[in-house]
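Chains as they are written, first to last, in the working numbering: chain U, 92 to 274; chain E, 1005 to 1489. Take a look at the structure below.
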Amino acid sequence: MKGLLFRCIMAFTFVLVAFSCSEEQDFNQFDDLSITPTVASSILLVESDEDFINTVSTFGAFYSQTFNFDPFNEQFVAERLLEGVILYEIENTTSKQLNFSVEFLSEQGDPLAIDTFTIEPDPAPLVTLEVAYGPGGRNIDILRNTGAIRVTAQNLGDNTSTSSSPDPKVILRSAGDFLFRLK
Amino acid sequence: MRLKSFFFLTAICGVVSLCAQNKQLLYDFYEIPQSLMVNPGVKTSEKWHAGIPGISGLSFQAASSGVTVNDLFANDGIDFTTKVRERVVDGMSRRDDFSVTNQIEVFNIGFRNRNRPDDYYSLGMYVETDVIVYWPKDLAILAFEGNGGANLGRSFDLGDLNLRGEMINVFHFGVNRKISNALWIGGRAKIYSSIFQFQSKGNSGSFTTTRGQDNIYRTSIAADMQLQTSGVEGFLDVLDEDTSGTGGDLADLFRKRALFGGNLGLGFDAGFSYQLNPQTTITGSILDVGFVYNSKDIMNYTLRGSASNEGLTVFLPEDVTSLNNDLWQDLVDEIEEAVPFEENESGYVSFRPVKAYGSVRYDFGQAESTFSKDCGCAVAVQESRNSDLYRNSVGGQLFMMKRPRGVQAALTGFYQRRFGRTLALKTTYTVDKYSLTNIGLGLNLQAGPINFYIMGDNLLAYRNVADSHYASLQFGFNIISWNDN
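In structure tokens:
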């Protein structure tokens, strides 16, 4: 009986071993896996109506503000950020020529990069701008080292005229598409 | 991070051992005592049995309904990222799963009541691990491709996250009773001693990035998600603190949890076998109707709420007096407040994955017409023919199992051939979500009092094991007596 038991176990094992095989596998391929998602997000919106621009008597900047902005400073993000594109859209239906500047500042307040736009009075076309960072564009370290953004809006025209457009205003929109390497 | 490590380890275990819990080869294979574990109402004829401790019943099942190891790791010269994108990220659906089950019987004994020979009692203990992870398709696409580019406007379903896993020690006691020459019924009470458990199910919500109303993009999240864990933190603490590398503390904790030191629960199995006529039998069973109340070592994580944002916004003249330069941090805080990621230690009830079997069997071929007086199997001695020993059986089985995303079913056709009392073979053909070509083979050998069985599933896949969606192996040793020896 013991012999029969042994023979049966051996036979079953032999059948499995004899008929089981596997194509060649290369598990090192996992090292080649590349996961690079694109993260899209709005960044900043500045909107002002024409009445406000007219009420600011100071010549030049009718708005200037510095915001702390450090999402790319965090180690997890900074290490994985590959490239990015910052999109701007400026829409002006006021009667004035306007100028916007967006400065990227380091944590110490040093300017790293600046984007400026001069927008014609109404009727002005929609101004769009794409600024690339990374290969073929600005140095990606600018984003990594950015700790703040300073936005300045200047009125290059008068402060009495009024546009004939309904609800005249100027809108600066901005967003980014950023490529990260997760693996 | 510790939690990530835990799930990584669990996933690795899953891949090593991946699950369907269907034991179609063992079911109604009544020559094997362990068939009582899948139908407490199976026909029993032995006087007593004792499983050899630790090796009386070992079963390992692994399954992946979507991708196979070969699909990804075959040395075929195709770029690995392309394979992952086409075969996993795009190729798998949210109903696909990776799963693993293994069961290790610590001991299993059974004996017939001397005063009521129609009753057969069985008891034992086994450790079971069961993990199922549904493919979180939308979350995987979000991680692989992001919310930008072609995915603008796409709503990512956060409900795609669905997983469940546990390791549990089960103490059981069952009674099998022959009601008549045609009917056997049985029941089994179970006490569950949970070693660890985790589950994330019933999640809902979405993550969407669309063209904004004011700014260029509007990102919205609405989430109602949770991950419940019990017993996990204790193991993570031990792993962190055990610098000796001996694993002694881990073993102690495992032992403590397995022996009623963790979360406890109750459950039962029930089943029957009914002979419609001497050659036709129908059977049915329901297993693991039970729960564990998780109240110790709990750590739950929730993400609930909704928020939308279009970045930093400055509206003039309304915001001209605001000199706050922390708008970005305010925005982050606002979102975290609206959709908080929180932890709690509330107890919860986890239900066992209920399983049900049904079968119809037709016995044919020459039946044994003589019966050994030494048999001692009082249940059959009055019969003129021992119907247990029809040489051939053919039939069909249905298996159903409650899974987080509904009932998982398998349909099996089988043929069984007996060579006296010594040897029995059973072959099955099973169709389920993992395979349409699952042919299995089981062998039961009775060498004197020594009983050995071994069963392997999806044998055709052995031509290229790495390309298999499903693999299962179970085997064990018992000592069986049909007489007073």
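Idealized CB from N, CA, C, for every residue including glycine. For clarity, every value in this text was computed on a predicted model and none was experimentally measured.
Verify the CB distance criterion: does residue i have a CB-CB separation below 9 Å to chain U?
i	result
Ala1066 of chain E	no
Thr1213 of chain E	yes
Phe1148 of chain E	yes
Glu1314 of chain E	yes
Asn1173 of chain E	no
Ile1220 of chain E	yes
Val1343 of chain E	no
Gly1070 of chain E	no
Our contact map puts residue i next to residue j with C-beta atoms below 8 Å; I'd like the distance itself, whole angstroms only.
i	j	result
Asn956 of chain E	Leu1231 of chain E	Examination of residue 956 of chain E is not possible in this model, given that chain E is present from 1005 through 1489 alone.
Ser132 of chain U	Thr1223 of chain E	6 Å
Arg1425 of chain E	Gly1399 of chain E	With a Cβ gap of about 21 Å, Arg1425 of chain E and Gly1399 of chain E do not count as contacting.
Asn159 of chain U	Asn1329 of chain E	6 Å
Phe1175 of chain E	Met1129 of chain E	5 Å
Establish whether the CB of residue i and some CB of chain E are separated by less than 9 Å.
i	result
Pro162 of chain U	yes
Asp140 of chain U	yes
Leu297 of chain U	Absent from the structure is residue 297 of chain U, since the part of chain U shown begins at 92 and ends at 274.
Gln120 of chain U	yes
Thr146 of chain U	yes
Val130 of chain U	yes
Val168 of chain U	no
Phe195 of chain U	no
Ala152 of chain U	no
Glu198 of chain U	no
Leu220 of chain U	no
Asp201 of chain U	no
Suppose you measure from the CA of residue i to the CA of residue j; what does that come to, to the nearest Å?
i	j	result
Ser1039 of chain E	Leu173 of chain U	58 Å
Asn250 of chain U	Ala1226 of chain E	44 Å
Ser1204 of chain E	Leu189 of chain U	53 Å
Pro218 of chain U	Glu211 of chain U	In the sequence on display, residue 218 of chain U carries Val and not Pro. One C-alpha to the other measures close to 9 Å.
Asn1166 of chain E	Arg1099 of chain E	10 Å
Val1411 of chain E	Asp1436 of chain E	12 Å
Leu1029 of chain E	Ala169 of chain U	55 Å
Thr1048 of chain E	Phe1456 of chain E	17 Å
Phe1355 of chain E	Met1171 of chain E	13 Å
Ala244 of chain U	Gly227 of chain U	29 Å
Met1404 of chain E	Ala1360 of chain E	5 Å
Ala1451 of chain E	Ile1484 of chain E	10 Å
Ser256 of chain U	Asn145 of chain U	15 Å
Ala1189 of chain E	Asn1207 of chain E	In the sequence as displayed, the identity of residue 1189 of chain E is Ile instead of Ala. When rounded, the distance between both Cα atoms is 40 Å.
Phe1084 of chain E	Gly1153 of chain E	22 Å
Ile233 of chain U	Ala223 of chain U	11 Å
Gly1446 of chain E	Ser1289 of chain E	21 Å
Residue j and residue i - do their beta-carbons sit closer together than 9 Å?
i	j	result
Val1293 of chain E	Ala1274 of chain E	yes
Ser278 of chain U	Val261 of chain U	Only positions 92 to 274 of chain U appear in this structure, which leaves residue 278 of chain U out of reach.
Ile181 of chain U	Arg264 of chain U	yes
Thr1133 of chain E	Asn1106 of chain E	yes
Val1179 of chain E	Tyr1125 of chain E	yes
Asn1448 of chain E	Ala1428 of chain E	yes
Leu1291 of chain E	Val1358 of chain E	yes
Leu1146 of chain E	Met1229 of chain E	no
Ser1103 of chain E	Val1135 of chain E	yes
Asn1462 of chain E	His1473 of chain E	yes
Asp1301 of chain E	Ser1234 of chain E	yes
Leu1076 of chain E	Tyr154 of chain U	no
Phe1264 of chain E	Ser1197 of chain E	yes
Asn1298 of chain E	Gln1201 of chain E	yes
Arg1192 of chain E	Phe1272 of chain E	yes
Tyr1221 of chain E	Glu1314 of chain E	yes
Asp1244 of chain E	Glu114 of chain U	no
Val1324 of chain E	Phe163 of chain U	no
Gly1055 of chain E	Pro1037 of chain E	yes
Short of 7 Å in beta carbon distance, which residues of its chain neighbour residue i, apart from the five on each side in sequence? Order them along the chain.
i	result
Met1096 of chain E	Gly1070, Val1071, Trp1139 and Lys1141
Ala1342 of chain E	Gly1309, Ser1310 and Ala1311
Ile1059 of chain E	Gly1480 and Phe1481
Considering only residues of the same chain and omitting the five flanking positions on each side of residue i, which have a CB-CB separation below 8 Å?
i	result
Pro259 of chain U	Asp140, Glu141, Thr184, Thr185, Ser186, Asp213 and Thr253
Leu1187 of chain E	Phe1276, Ser1277, Tyr1278 and Gln1279
Asp161 of chain U	Glu198, Thr237, Gly238 and Ala239
Gln1025 of chain E	Gln1065, Thr1105, Asp1134, Pro1357, Lys1359 and Met1405
Cutting at 6 Å between CB atoms, please list the residues of its own chain near residue i, excluding the five before and the five after it.
i	result
Thr129 of chain U	Asp268 and Leu270
Arg1422 of chain E	Arg1395 and Ala1428
Cys1381 of chain E	Confidence at Cys1381 of chain E is low in this model, with a pLDDT of 45, below 50, so the placement of that residue should be treated as unreliable; the coordinate-derived value is given next. Cβ within range, chain order: Ser1049 and Trp1486.
Thr1434 of chain E	Gln1028, Ala1414, Thr1416 and Asn1442
Val193 of chain U	Asp206 and Val242
Should residue i be counted as a contact of the ligand SAH given a C-beta to heavy atom distance under 8 Å?
i	result
Val1104 of chain E	Looking for the ligand SAH in the displayed structure turns up nothing, as the structure carries no ligands at all.
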